[in-house]
Amino acid sequence: MIDSPSISGRPRTSLLGSLRIQGRVLGALLMREVLTRYGRHNIGFLWVFLEPMLFTLGVTTLWTLTKAVHGSNLPITAFAVTGYSSVLLWRNCANRCALAITPNLGLLFHRNVRVIDLFLARIILELAGTTASATIISVVFISCGLMQPPADIAMVVQGWLFLAWFGTSLGLAVGGLSERSETAERLWHTVAYLMFPLSGAVFMVDWLPMSARQYILLIPTVHGVEMLRGGFFGSAVHVHYSIAYMTVSCLVVMLIGLMLVRAVGKKVEFE
């Protein structure tokens, strides 16, 4: 059956057809992003997960060699892997989305490419790379006896997905803000450095005084990291998190991000 033409004269596209087009657009943008960032030579696209893996491995080694005091007798290797991997998940998404439109402005002349596609391609690439690196490092360390297998893999996946959701939402928000003002992009890097020690990566909520817990739990990433470590360490730790709070936080940040991206998209198309 042939779709009837719309008023504008263009044939209407079904929902399934639109999804296929969107998938092809994102696939093409992902391939372009990989080739632009890592090139075609040497190991090329393998840097997608090797880069975050080397960062995590370096921090884990440093913490282990210096015998960093982290508040308990928890294994430092697993503590470092779960902590720094979680930071890369949300920080890299936001960093890559900052000022993402300007170098790709020419792509917006294609009818099916939208501003949000540019952000989503970068976010998907960062999520895939960080997830692959964290998985490979964990498997290698577990195989070598440096880490114990997760006590509750479902809880680990749940915490990781919440952190990925927050990273996606934060990436859209930072990306939208940075296109409206370069000052916002510069401020974000300062905020990211401040968020690192407060994100839950270097502590557990149970180690903090009771008076401080209610404030630190206002930070969404803390809930995700607590879930992640609760899944890894099981009954060895007492975790504090709220799925409801994390869900609402991600929804609010994502709504703000989508509104900012939509506003930027209208401005770019108008110009």
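In the working numbering, the protein residues as written are 17 to 287. In this text, a Cβ means the ideal position worked out from N, Cα and C, and glycines have one as well.
Ile117 is positioned such that its CB atom lies no closer than 8 angstroms to that of Val253.
In this structure Leu124 touches Val131 by the C-beta definition: roughly 7 angstroms separates them, less than 8 angstroms. With 16 or more other Cβ atoms from the protein chains shown falling within 10 Å of its own Cβ, Asp133 counts as buried. Under the three-state reduction of DSSP, Arg130 is assigned to coil, being neither helix nor strand. DSSP places Tyr257 in the coil class of the three-state scheme, outside both helix and strand. Our two residues, Ser30 and Leu188, have alpha carbons roughly 27 angstroms apart in a direct line. For Leu203, the enclosing alpha helix (DSSP H) has its first and last residue at Glu198 to Leu214. Contact between Asp168 and Gly74 does not hold, since their C-beta atoms are separated by about 28 angstroms, which reaches or exceeds 8 angstroms. For Phe125, no alpha helix (DSSP H) encloses it, and the DSSP letter there is neither H nor E. Contact between the region 265 to 274 and the region 194 to 212 is absent: fewer than 3 CB-CB pairs across the two stretches fall below 8 angstroms. For Ser227, the uninterrupted alpha helix (DSSP H) segment begins and ends at Met226 to Ile232.
Excluding the 5 residues flanking it on each side, Tyr261 has same chain C-beta neighbours closer than 7 angstroms at His239, in chain order.
It is roughly 27 angstroms from the alpha-carbon of Asn111 to the alpha-carbon of Ile92. Each of Val277, Ser102 and Gly43 was checked against the Cα of Ala150, and the nearest Cα belongs to Ser102. DSSP places Leu78 in the helix class (H, G or I) of the three-state scheme. With a 10 Å radius around the Cβ and a threshold of 16 neighbouring Cβ atoms, Leu193 comes out buried.
Rounded to whole angstroms, the Cβ separation of Thr184 and Cys109 is 6 angstroms, and the two are in contact under 8 angstroms. Cα atoms of Met47 and Leu136: separation of roughly 13 angstroms, rounded to the nearest angstrom. Per DSSP, reduced to three states, the secondary structure at Cys160 is coil, with no helix or strand assignment.
Straight through space, the alpha carbons of Gln230 and Phe71 are spaced by roughly 31 angstroms. Its Cα nearest to that of Leu162, the residue Phe95 stands out among Phe95, Val241 and Gly43. A Cβ-Cβ contact shorter than 8 angstroms links Leu115 with Glu195. Each residue's CA atom was taken as its position, placing Pro165 and Ile158 some 6 angstroms apart.
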